Each structure stands twice: as C-alpha cells, then as structure tokens.
Amino acid sequence: MLKPLAKLLKALSSNRDQGAIAHAFALGALLGSMPKDNLLWYLFFVFILFMRIQRGALALSILLFSLLTRFTDPLFNQVGYTVLTQQSLQPLFARLIRVPFVAFTQFNNTIVMGSLVCCIAAYIPLYVLSRVFVHVWRRYIGNFLRKLKILQMIKQVPLVTKIIDAVEEA
6 MLKPLAKLLK ALSSNRDQGA IAHAFALGAL LGSMPKDNLL WYLFFVFILF
56 MRIQRGALAL SILLFSLLTR FTDPLFNQVG YTVLTQQSLQ PLFARLIRVP
106 FVAFTQFNNT IVMGSLVCCI AAYIPLYVLS RVFVHVWRRY IGNFLRKLKI
156 LQMIKQVPLV TKIIDAVEEA
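Shown next as structure tokens:
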C-alpha cells in the first residue's frame, strides 16, 4: 500500500495529466461503492485496468469509498429499489435475467443497481472536483508542505530517507 500512495503523491506533484488522476478517483468511487461479490464489479475492474489512469489514485479512491459504503448503502438501496420497480423497465429486466451469465452481475440487487446509478450520476462532479483538487494541490498545498520545517527535518532522518529511496526505486 505504500508504493501506490508514494506514486500518487509523486503524480500529484509532477507535471502529469490531471485528467488521469481525476478519472482514477471517479472510477475508484464507482468500484469502491459497489458490492464486490458480483460479476459486474469484476468486469468494471478489468475494464478500468486497461485504461490509462493513475493507479495509486484508483487504489486510494476504492479504499476511501469502500469505507464510506456503510453510510451510503441505505441511499443506494432506495435508489436501486426505485429503478428496479419502474414499470417501463420491467420488460428489459425480464429479458436480461434470461440471458446466460447476466444473473451473475446481480443487477437485480437493489444496492448494486443503486450504487451503479448513483456513481454514474456522480461521475462528472467527482471528476471535476478531483481535477480542481489536483490543481489546488500543485499550486498551493504541495508548495506549502515542502516548506514546512517539520517535514524537512523528518526527511533528514536516515531511516526515512532509506524508505523514500526504496519506494522511489520500486
């Protein structure tokens, strides 16, 4: 876990594409919010791994949103129930459930459907917010942290420098 975090901090401070970090954060929100015991999660995960994104931001975002699911599951349950009980969508869901292997996606689970709908709706706002955060980090926060005396002293500790060098080599 230390290696992706170090790469994320390095990417935040480097001159890399802000969009790669922002997309990773938004996609991590999708993966972190969905239940992880269904085929749909694994399909999204494999698809996302083929994208050009910052993997450290993805891992951190998945972890963060996985911790928040305890609080968001009631909302996802309600949204999923609303979507799954729409009369106009019933024929579509009936056809999908008869397709082989589609049932393994558990799309008919209220929490899976609710988290999918909510995260797709929140994708663009999360992308914009994380892109703004990266800009603010590069412009203000990163420079402020580099100038802190306490961090400069911690960097001079021999054990910390060895850990930093080991992480940067990996």
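So the sequence shown is numbered by the numbering used here: it starts at 6 and just counts up by one.
Just so it is clear, CB atoms sit at the ideal spot from N, CA and C, and this is done for glycine as well.
Just so we're clear, the structure is a prediction, and the values are computed from it rather than from any experiment.
Original post:
Hey, how far is the Cα of M118 from the Cα of I155?
Top reply: Along the sequence shown, one-based indexing puts residue 118 at 113. Along the sequence shown, one-based indexing puts residue 155 at 150. The straight-line gap from Cα to Cα measures roughly 47 angstroms.
Original post:
Are the segment 79–93 and the segment 42–51 touching by the rule of at least three beta carbon pairs closer than 8 angstroms?
Top reply: no
Original post:
Does DSSP put R57 in a helix, in a strand, or in coil?
Top reply: Position 52 of the sequence shown, counting from 1, holds the residue named residue 57. Coil, per DSSP.
**OP:** Following the continuous alpha helix (DSSP H) through P40, name the residue where it begins and the one where it ends.
**Re:** Taking the sequence shown and counting its residues from 1, the one referred to as residue 40 is at position 35. No alpha helix (DSSP H) holds P40; DSSP gives it neither H nor E.
Subject >> Q59 classed as buried or exposed, judged by whether at least 16 other C-beta atoms fall within 10 angstroms >> reply: In the sequence shown, the residue the question calls residue 59 occupies position 54. Buried: at least 16 other Cβ atoms inside 10 Å.
Original post:
By the 10 Å Cβ neighbour count, where 16 or more other Cβ atoms means buried, how is V39 classified, buried or exposed?
Top reply: In the sequence shown, the residue the question calls residue 39 occupies position 34. According to the sequence displayed, residue 39 carries Met and not Val. Buried: at least 16 other Cβ atoms inside 10 Å.
Original post:
Is it right to say H28 is buried, meaning 16 or more other beta carbons lie within 10 angstroms of its own, or is it exposed?
Top reply: By one-based count along the sequence shown, residue 28 stands at place 23. By the 10 Å Cβ count, H28 comes out buried.
**OP:** Would you give the residue range spanned by the alpha helix (DSSP H) that T115 belongs to?
**Re:** Residue mapping note: residue 115 aligns to position 110 of the sequence shown, counting from 1. Looking at the DSSP string, the run of the alpha helix (DSSP H) that includes T115 is 115–141.
**OP:** Tell me whether Q92 counts as near the ligand ZN, meaning its Cβ is closer than 7 angstroms to at least one heavy atom of that ligand.
**Re:** Among the components of this structure there are no ligands whatsoever, and the ligand ZN is therefore not found.
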